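Only one structure is covered here, and it is reproduced in the block below.
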Amino acid sequence: MKRRRETTPSSRSPVDLSDLESSQAADEQKHKGRRCPATTTTTAAPLHYDLEARARARMPPAAEIDEFFAAAEKAQAERFAAKYNFDVARGVPLNAGRFEWTPVATV
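For what it's worth, UniProt numbering labels the leading residue of the sequence shown as 1, then goes sequentially.
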């Protein structure tokens with residue numbers, strides 16, 4: 001007798017929802033000619049709707065995502081400015097530092 005291991009969300013491999021939808025459509029095509037048992041009285045929501053709802057529930061709000069990346073971008077810009085004395089946000093060299101920036105003549 002073959003035993004199945006219990007799976008948890010963290011033990012499953014991540015799957016793209018579009019892959020699930022396409023595999024579900026293929027399964028529906030495969031089983032199109034089959035009859036459902038007469039005892040079925042309730043209809044369940046399609047699997048991909050349930051997965052999408054769970055994904056949205058775990059997804060942080062857009063403002064929180066923006067705040068996270070803004071903080072990382074600011075820290076990276078500060079490290080770059082300290083190392084190269086150049087403000088990448090404004091695109092201008094800073095006054096003091098290891099490097100002396102000179103303008104390049106445009107042709």
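The beta carbon of each residue, even a glycine, is placed where N, CA and C say it ideally should be. Quantities reported herein were computed from a predicted structural model and do not represent experimental measurements.
Excluding five sequence neighbours on each side, which residues of the same chain lie with their C-beta closer than 6 Å to the C-beta of residue i?
| i | result |
| --- | --- |
| VAL107 | none |
| PHE80 | VAL88 |
Please state whether DSSP places residue i in a helix, a strand or coil.
| i | result |
| --- | --- |
| PHE80 | helix |
| PHE86 | strand |
Cutting at 8 Å between CB atoms, please list the residues of its own chain near residue i, excluding the five before and the five after it.
| i | result |
| --- | --- |
| TRP101 | ASN85, PHE86, PRO93 |
| ASP66 | none |
Does the distance from the C-beta atom of residue i to that of residue j stay below 9 Å?
| i | j | result |
| --- | --- | --- |
| ARG98 | LYS83 | yes |
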